[in-house]
Amino acid sequence: MSRPVPTASITTSASIAAAIKSLGADEIDAETIKKNRSFRKFSYRGVDLEQLLDMSSEQLTEIVHARARRRFQRGLKRKPMGLIKKLRKAKKDAVDGEKPETVKTHLRNMIIVPEMVGSVVGVYNGKVFNQIEIKAEMIGHYLAEFSITYKPVGHGRPGIGASSSSNINRSIHLVNLDPAAEHFEYKPSIDIRDLITLEDVVSELQYGPNGGLVYCLEYLCNNMDWLEDQINSFEDDYLIIDCPGQIELYTHFPIMRQIVASLDKMGYRTCGVYLLDSQFVQDVSKFFSGVMSAMSAMVQLEVPHINVLSKMDLLGDKAESFELERYFNPDPTLLMEDANKETSPKLHALNRALVQLIEEFNMVSFIPLNIQDEDSVGLVLSHIDNAIQYGEDVEPKEPKDMDEGDPDEGEFDYME
Numbered sequence: 001m002s003r004p005v006p007t008a009s010i011t012t013s014a015s016i017a018a019a020i021k022s023l024g025a026d027e028i029d030a031e032t033i034k035k036n037r038s039f040r041k042f043s044y045r046g047v048d049l050e051q052l053l054d055m056s057s058e059q060l061t062e063i064v065h066a067r068a069r070r071r072f073q074r075g076l077k078r079k080p081m082g083l084i085k086k087l088r089k090a091k092k093d094a095v096d097g098e099k100p101e102t103v104k105t106h107l108r109n110m111i112i113v114p115e116m117v118g119s120v121v122g123v124y125n126g127k128v129f130n131q132i133e134i135k136a137e138m139i140g141h142y143l144a145e146f147s148i149t150y151k152p153v154g155h156g157r158p159g160i161g162a163s164s165s166s167n168i169n170r171s172i173h174l175v176n177l178d179p180a181a182e183h184f185e186y187k188p189s190i191d192i193r194d195l196i197t198l199e200d201v202v203s204e205l206q207y208g209p210n211g212g213l214v215y216c217l218e219y220l221c222n223n224m225d226w227l228e229d230q231i232n233s234f235e236d237d238y239l240i241i242d243c244p245g246q247i248e249l250y251t252h253f254p255i256m257r258q259i260v261a262s263l264d265k266m267g268y269r270t271c272g273v274y275l276l277d278s279q280f281v282q283d284v285s286k287f288f289s290g291v292m293s294a295m296s297a298m299v300q301l302e303v304p305h306i307n308v309l310s311k312m313d314l315l316g317d318k319a320e321s322f323e324l325e326r327y328f329n330p331d332p333t334l335l336m337e338d339a340n341k342e343t344s345p346k347l348h349a350l351n352r353a354l355v356q357l358i359e360e361f362n363m364v365s366f367i368p369l370n371i372q373d374e375d376s377v378g379l380v381l382s383h384i385d386n387a388i389q390y391g392e393d394v395e396p397k398e399p400k401d402m403d404e405g406d407p408d409e410g411e412f413d414y415m416e
């Protein structure tokens, strides 16, 4: 997710250069040079650096982006506080006119705060410490954004779910947004049914199942503060959000797009995963319908998106007879031939129009998923990780003897 970039307003003047050319350096009045000197003035979300330095922790929390705000609200731990202490000491001990000494750290997820401006930080990238001079325009960003990792962060062996999340070295939580759901393989960490259930809506408002489901999701959109409060308990964790399967929520209503937009504002990187049942490959017309629905959902949600051909294990021995590779990256021309064989001639023109639409957009491809095969699950996970750039700001493993030190009590103001 992209965050607002600190703005910079620049006031320039050409009078100094002109004066030097016409009069010579010795004849220039010092007061004139001072008056016409060029200044570069930085601001973060409209607030000047001088004002930022004078802000209290509560005031700073109000203007930073959502992800940093959640971090500050939970309080900074011992090591980030220790890093601030070391940076403060380095600036205090620096000789006038010279840069402070470099302070090394492994805290790649440290958010840059105004007090760090002017410091020099050596940020570990997995192999060496990259020296970074903290400038005003870096406020609100992570140290990791200025020190690229030496190699991709390892996620462990393929696999996902409650039984294998520890193998991939990440904390995973299931979020249920389906108010009609009844049975889960794993207990959700966040459940919309704690806010509203389809059963209550149907019984109290006399809605049908479809109308009741739409009402429940609209109710959630009007109470997003509830979802934000729930999610705030899992800062920086990996969330798997199980959404209702009613296609109208993605193609006809802006409900899911509003939810995605709210997640973006909270600082989460989001990837849409569209699941198409593998049984659709047995009927080309159904597969065409699935492709069109996937394309519509991709356009409506406006987020990084992958499409998955799920339940591959249910095809069993039939898988080879379907030439599945044709469906992973659909060749509309070949599929149209199959569709024409199964449909009335008067529908051939419609088949041709659908094929042209799919070809023109060229957006839909499918990843096969066999939930019983860890390699298959790992493949899907790798595509999702690539879409959301998972691991880009993950801290490299810190040596056991590395310690940022303890902060002095009362010295650091940011969310003590």
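With full-length UniProt numbering applied, the sequence shown covers 1 to 416. Ideal Cβ positions, reconstructed from N, Cα and C, are used throughout, including at glycine.
*Report yes or no: do three or more beta-carbon pairs, one from the region 281-289 and one from the region 211-223, lie closer than 8 Å?*
no
*Three CB pairs or more closer than 8 Å across the region 106-119 and the region 137-144*: yes
*Does any residue of chain B bring its CB to less than 8 Å from the CB of GLU204?*
In summary, chain B is missing from the structure at hand, where a single protein chain is found.
*Can you give me the start and stop residues for the alpha helix (DSSP H) that ILE368 sits inside?*
If you number the sequence shown from 1, residue 368 lands on position 368. Ile is not the amino acid found at residue 368; the sequence shown has Pro there. That residue, PRO368, is in no alpha helix (DSSP H); its beta strand (DSSP E) goes 366-368.
*What are the partner residues of SER203, as DSSP defines its beta bridges?*
On the sequence shown, residue 203 is found 203 positions in, with the first residue counted as 1. For SER203, which the question treats as bridged, DSSP gives no partner whatsoever.
*To the nearest angstrom, report how far apart ASN351 and ASP236 are at their CA atoms.*
The residue given as residue 351 occupies position 351 in the sequence shown. The residue given as residue 236 occupies position 236 in the sequence shown. Going by the C-alpha atoms only, they are around 46 Å apart.
*Alpha carbon of ASN340 to alpha carbon of PRO330, nearest angstrom*: Here residue 340 is taken as the residue at index 340 of the sequence shown, counted from 1. Here residue 330 is taken as the residue at index 330 of the sequence shown, counted from 1. Roughly 16 Å between the two C-alpha positions.
_Using 8 Å as the threshold, is the C-beta distance between TYR238 and ILE172 below it?_
The residue given as residue 238 occupies position 238 in the sequence shown. The residue given as residue 172 occupies position 172 in the sequence shown. In contact: TYR238 and ILE172 (Cβ atoms closer than 8 Å).
*Cβ-Cβ distance between VAL117 and ALA136 below 8 Å*: Here the question's residue 117 lines up with position 117 in the sequence shown. Here the question's residue 136 lines up with position 136 in the sequence shown. A contact, by the Cβ cut-off of 8 Å.
*Assign PHE288 to one of two classes, buried (16 or more other C-beta atoms within 10 Å of its C-beta) or exposed (fewer than that).*
Mapped onto the sequence shown, residue 288 falls at position 288. It is buried - the Cβ of PHE288 has at least 16 other Cβ atoms within 10 Å.
*Is the number of C-beta pairs between the region 265-278 and the region 300-316 that are closer than 8 Å three or more?*
yes
*Could you pull the start and end residues of the beta strand (DSSP E) that LYS104 belongs to?*
What you label residue 104 is simply residue 104 of the sequence shown in a count that begins at 1. Its beta strand (DSSP E) spans residues 102-105.
*Taking just the CA atoms, how far does VAL175 sit from TYR268?*
Taking the first residue of the sequence shown as position 1, residue 268 is located at position 268. Taking the first residue of the sequence shown as position 1, residue 175 is located at position 175. Answer to the nearest angstrom: the Cα atoms are 14 Å apart.
_For a quick check, are the C-beta atoms of ASP242 and ASP200 less than 8 Å apart?_
The residue given as residue 242 occupies position 242 in the sequence shown. The residue given as residue 200 occupies position 200 in the sequence shown. No. Outside cutoff.
*How would you write the range of the beta strand (DSSP E) that VAL120 sits in, first residue to last?*
Walking along the sequence shown from the start, residue 120 turns up at place 120. Judged by DSSP secondary structure, VAL120 falls within the beta strand (DSSP E) whose first and last residues are 120-124.
_Best match in SER344, TYR390, SER365 for proximity to VAL291 [C-alpha to C-alpha]_ = For this step, residue 291 is matched to residue 291 along the sequence shown. Per the Cα distances, SER365.
*Among ILE259, PHE234, SER233, which residue has its Cα nearest to the Cα of PRO244?*
For the purposes of this step, residue 244 is taken as the residue at position 244 of the sequence shown. Ranking ILE259, PHE234, SER233 by Cα distance to PRO244 puts ILE259 first.
*Taking the continuous alpha helix (DSSP H) assigned at GLU248, which residues delimit it?*
Here residue 248 corresponds to residue number 248 of the sequence shown, with the count starting at 1. Counting along the chain, the alpha helix (DSSP H) containing GLU248 begins and ends at 248-251.
*State the start and end residues of the unbroken beta strand (DSSP E) segment that holds LEU53.*
If you number the sequence shown from 1, residue 53 lands on position 53. Bounds of any beta strand (DSSP E) do not take in LEU53; it lies within the alpha helix (DSSP H) bounded by 49-54.
*Given that a residue counts as buried once 16 or more other Cβ atoms are within 10 Å of its Cβ, and exposed if not, what is GLU182?*
Here residue 182 refers to the residue found at position 182 of the sequence shown. That one is exposed.
*asked:* My assumption, with CB atoms under 8 Å, is that VAL377 sits in contact with ILE371. Please give the rounded CB distance.
replied: As a working mapping, residue 377 is identified with position 377 in the sequence shown. As a working mapping, residue 371 is identified with position 371 in the sequence shown. Confirmed, Cβ separation roughly 7 Å.
*asked:* Helix, strand or coil for GLN300? Go by DSSP, reduced to three states.
replied: Walking along the sequence shown from the start, residue 300 turns up at place 300. Residue state, collapsed to three classes: helix.
*Tell me whether GLN59 sits in a helix, a strand or coil according to DSSP, three-state version.*
Position 59 of the sequence shown holds residue 59. If DSSP states are grouped into helix, strand and coil, GLN59 belongs with the helices.
*Are there 16 or more other CB atoms within 10 angstroms of the CB of PRO345, so buried, or fewer, so exposed?*
As a position in the sequence shown, residue 345 is number 345, starting the count at 1. Only exposed fits PRO345, as fewer than 16 other CB atoms lie within 10 angstroms of its CB.
*Would you give the residue range spanned by the alpha helix (DSSP H) that SER382 belongs to?*
As a working note, residue 382 is residue 382 in the sequence shown. Its alpha helix (DSSP H) spans residues 374-388.
*Are there 16 or more other CB atoms within 10 angstroms of the CB of ARG70, so buried, or fewer, so exposed?*
Numbered from 1 along the sequence shown, position 70 holds the residue referred to as residue 70. Buried.
_Rounded to whole angstroms, what is the Cα-Cα separation between GLU98 and ASN386?_
Here residue 98 refers to the residue found at position 98 of the sequence shown. Here residue 386 refers to the residue found at position 386 of the sequence shown. Across the structure, GLU98 and ASN386 are spaced so that their CA atoms are roughly 42 Å apart.
*Best match in MET224, SER293, THR105 for proximity to SER262 [C-alpha to C-alpha]*: Residue 262 sits at position 262 when you count from the first residue of the sequence shown. Considering only alpha carbons, the answer is MET224.
*Considering only residues of the same chain and omitting the five flanking positions on each side of VAL113, which have a CB-CB separation below 8 Å?*
Sequence index remark: in the sequence shown, residue 113 carries index 113 (1-based). LEU60, ILE84, ILE139, TYR414.
*Rounded distance between the beta-carbons of LYS104 and GLY126, thought under 8 Å*: Against the sequence shown, residue 126 aligns to sequence position 126. Against the sequence shown, residue 104 aligns to sequence position 104. Rounded, the Cβ-Cβ distance is 14 Å, inconsistent with contact.
*State the start and end residues of the unbroken beta strand (DSSP E) segment that holds ILE172.*
The residue you call residue 172 lines up with position 172 of the sequence shown. Element bounds for ILE172: 172-176.
*Per DSSP, what kind of secondary structure is VAL273 in: helix, strand or coil?*
What you label residue 273 is simply residue 273 of the sequence shown in a count that begins at 1. The three-state secondary structure of VAL273, taken from DSSP, is strand.
*Determine which residues share a DSSP beta bridge with ASN210 and list them.*
Counting from one through the sequence shown, the residue named residue 210 turns up at place 210. ASN210 is not bridged to any residue.
*Can you list, in chain order, the residues of its chain whose CB lies under 8 Å from that of TYR207, leaving out five sequence neighbours each side?*
Taking the sequence shown and counting its residues from 1, one reaches residue 207 at position 207. VAL201, TYR215, listed in sequence order.
*In terms of DSSP beta bridges, what is SER310 paired with?*
The residue you call residue 310 lines up with position 310 of the sequence shown. BP columns for SER310 point to ASP277.
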